[in-house]
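Numbering-wise (my numbering), the sequence shown opens with residue 1 and increments by one.
Report on the structure given below.
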Amino acid sequence: MPSPSDDTEFLDATPPHWAATGLSWFLLVLAVVAVIAVIVVRIPETVGGRFTLLPVSGVDPVRAFRDGVVARVDVNEGQQVERRAPLVVIRSSAMGDRAADRRTLETQKSTDQNRLVIAQSQRETSRRANQSEIRRLETRGAYLDRLIVSKRNRLALLRELADSANSGVRRGSVGRLEAARLDFEASTIAEEIATAEDERDDVRAAIERIRQDDDARELEYQEARRTLEQSIETARIRIGALGQDLVDLSDSGMVVLSPCAGTVIRLHVSSAGAIVREGEILAEVGCRGAQLQAVLVVPETGLPMVQPGQRVKLRYDAFPFQRFGVRFGTVRWVGPGGSTRTDSASFRALVDLEDSTVRVRGVPRPLQPGMGGVGEVVTGKRSVLSYVFEPVRALRENLREAPATEAAMPADTTR
Numbered sequence: 001m002p003s004p005s006d007d008t009e010f011l012d013a014t015p016p017h018w019a020a021t022g023l024s025w026f027l028l029v030l031a032v033v034a035v036i037a038v039i040v041v042r043i044p045e046t047v048g049g050r051f052t053l054l055p056v057s058g059v060d061p062v063r064a065f066r067d068g069v070v071a072r073v074d075v076n077e078g079q080q081v082e083r084r085a086p087l088v089v090i091r092s093s094a095m096g097d098r099a100a101d102r103r104t105l106e107t108q109k110s111t112d113q114n115r116l117v118i119a120q121s122q123r124e125t126s127r128r129a130n131q132s133e134i135r136r137l138e139t140r141g142a143y144l145d146r147l148i149v150s151k152r153n154r155l156a157l158l159r160e161l162a163d164s165a166n167s168g169v170r171r172g173s174v175g176r177l178e179a180a181r182l183d184f185e186a187s188t189i190a191e192e193i194a195t196a197e198d199e200r201d202d203v204r205a206a207i208e209r210i211r212q213d214d215d216a217r218e219l220e221y222q223e224a225r226r227t228l229e230q231s232i233e234t235a236r237i238r239i240g241a242l243g244q245d246l247v248d249l250s251d252s253g254m255v256v257l258s259p260c261a262g263t264v265i266r267l268h269v270s271s272a273g274a275i276v277r278e279g280e281i282l283a284e285v286g287c288r289g290a291q292l293q294a295v296l297v298v299p300e301t302g303l304p305m306v307q308p309g310q311r312v313k314l315r316y317d318a319f320p321f322q323r324f325g326v327r328f329g330t331v332r333w334v335g336p337g338g339s340t341r342t343d344s345a346s347f348r349a350l351v352d353l354e355d356s357t358v359r360v361r362g363v364p365r366p367l368q369p370g371m372g373g374v375g376e377v378v379t380g381k382r383s384v385l386s387y388v389f390e391p392v393r394a395l396r397e398n399l400r401e402a403p404a405t406e407a408a409m410p411a412d413t414t415r
């Protein structure tokens, strides 16, 4: 007789009916959802290419003012430059003599200016010294005037006393010695008055002589000043005339400067030794602060789907979209002609930007000319089903034969 434990050695391998039914329904619903998703879900279709930011008004071409040989290139493509920053130095032998003449005139002008400053300084020094001497002499003359008046009053008093003493001598009331003393004092004061008057006259003559000398020196200064100013003005006019031909000339050559603060978009000369002609473009600079647009390079395969008004996703190289996000724009114009710089042709499309700045750590950073990245034009949406049938369509088109023309059709043999 089998034991009860024999019935429990083997489990029932048949799943419950509700589990099989649930799994079947789950797979069925999953298949239906997949079919609906393939039919309903639409994926954006894009055309991508590289883009570069350029001013809407275009870049400023930097040209050579004179024929010559490039001596030095001070910038690189994509470099930020300030206004009037040196870009290229050109050495021109034809401008050497003019540059020497200008340096000679500048030296002469500087020398005349220094001589004029020295003459002005000497004139002011002499004038201050003369004025100080005149004030001293005038003070001395005023003192002598007061002294003469005082001594004259004293002389008049002594003469009255002397006359009274002489009358007393005749009467015998005053001694002769006293009368003689008074006469001597009166004579002494009279001599002092005469000496003071002579000194006063000398002071007045000295003041007049100083004023005459000052007037003569003023005339000499005015004549020297007129001559120097005329020489300086002549040199300035000649330097200005030469400066029109020698724009931004230095000892190393003619310096070509940036017309504005911005970014060097393109260099047409990249090394020393290149021969340039007058008016030839040396570089292109995009000015800072100008309204920017994206110049998108559209591949030939995607050109038929790109139309004005379509949205564009812009991913800047300087601002990785993983950290700073994607920026957007709108196609404004699609070029009718392409370029063949590479093996395949490419076309240009102009894109209007929606944002002029990108926030970096809370601080808005402006977009600069010359920045680049990858742009994707959203040309529409396609269902997943169309992607599924695309290999079939490609195979069908590959197997498709060209239609026969009337000339190539076989003749009717039924007659």
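Ideal placement from N, C-alpha and C gives every residue a C-beta, glycine not left out.
For clarity, every value in this text was computed on a predicted model and none was experimentally measured.
- Fully enclosed beta strand (DSSP E) runs of no fewer than 3 residues occupy 42-55 and 60-63 of the region 23-68, in order along the chain.
- According to the DSSP assignment, Leu161 belongs to the alpha helix (DSSP H) that extends over Gly96 to Arg171.
- Residue range Gly262 to Leu267 is occupied by the beta strand (DSSP E) that includes Arg266.
- With respect to the C-alpha of Tyr143, the residue from Cys287, Gly337, Arg204 and Pro364 having the closest C-alpha is Arg204.
- Phe321: member of the alpha helix (DSSP H) spanning Phe321 to Phe324, first to last residue.
- Apart from the 5 residues on each side of it in sequence, Val276 sits with its Cβ closer than 8 Å to the Cβ of Ala64, Asp67, Gly68, Val69, Val70, Ile90, Val269 and Leu282 in its chain, given in chain order.
- Residue range Ile281 to Cys287 is occupied by the beta strand (DSSP E) that includes Ala283.
- In the three-state reduction of the DSSP assignment, Glu220 falls in the helix class.
- If you look at Met254, you'll find it in the beta strand (DSSP E) that goes Gly253 to Leu257.
- The region 344-360 makes contact with the region 288-306: 3 or more CB pairs, one atom from each, lie closer than 8 Å.
- Inclusion of Glu390 and Lys313 in the CB contact set at 8 Å is not warranted, their separation being larger than that value.
- Pairwise C-beta distances place the region 112-127 out of contact with the region 192-208, as fewer than three of them are shorter than 8 Å.
- By the neighbour-count criterion, in which a residue is buried when 16 or more other Cβ atoms sit within 10 angstroms of its Cβ, Ile189 is buried.
- With the rule of 3 Cβ pairs closer than 8 Å, the region 257-268 does not count as touching the region 12-31.
- Using a 10 angstroms sphere on the CB of Ser92, the tally of other CB atoms reaches 16 or more, which defines it as buried.
- Excluding the 5 residues flanking it on each side, Leu147 has same chain C-beta neighbours closer than 7 Å at Ala196, in chain order.
- Here Asp214 carries a helix assignment [DSSP, helix/strand/coil].
- Linking Ala194 to Asp145 through their CA atoms gives a straight-line distance of about 12 Å.
- Straight-line measurement puts the Cα of Val331 at about 11 Å from the Cα of Glu354.
- The way I'd put it, the region 31-43 doesn't touch the region 361-379; fewer than three beta-carbon pairs between them come closer than 8 Å.
- One Cα belongs to Thr379, the other to Glu284, and the distance between them is close to 33 Å.
- In the displayed model, Val392 falls within a helix according to three-state DSSP.
- Bounds of any beta strand (DSSP E) do not take in Ala318, whose DSSP letter is neither H nor E.
- For Thr379, the enclosing beta strand (DSSP E) starts and ends at Gly372 to Ser383.
- Scanning its chain for C-beta atoms nearer than 7 Å, with the 5 sequence neighbours on each side dropped, one finds around Gln113 the residues Ile232, in chain order.
- Under the 8 Å Cβ criterion, the region 48-55 counts as touching the region 357-371, having at least three qualifying pairs.
- When beta bridges are read from the DSSP output, Phe328 appears opposite Lys313.
- According to the DSSP secondary-structure assignment, Gln368 is paired through a beta bridge with no residue.
- Three or more beta-carbon pairs separated by less than 8 Å are not found between the region 202-221 and the region 97-115, which leaves the two stretches without contact.
- Excluding residues up to 5 positions away in sequence, Leu228 lie with their Cβ nearer than 7 Å to the Cβ of Arg115 in the same chain.
- By alpha-carbon distance to Ile237, the top candidate from Glu45, Val392, Arg102 and Arg176 is Arg102.
- Around the C-beta of Gln310, 16 or more other C-beta atoms lie within 10 Å, and the residue is accordingly described as buried.
- Here Ala186 carries a helix assignment [DSSP, helix/strand/coil].
- Cβ-Cβ distances below 6 Å link Glu185 to Leu158 in the same chain, with the five nearest sequence neighbours on each side left out; the list follows chain order.
- Looking at the backbone, the Cα of Gln291 and that of Ser356 are separated by about 8 Å.
- Ranked by Cα distance from Gly48, the first of Met305, Val169 and Val255 is Met305.
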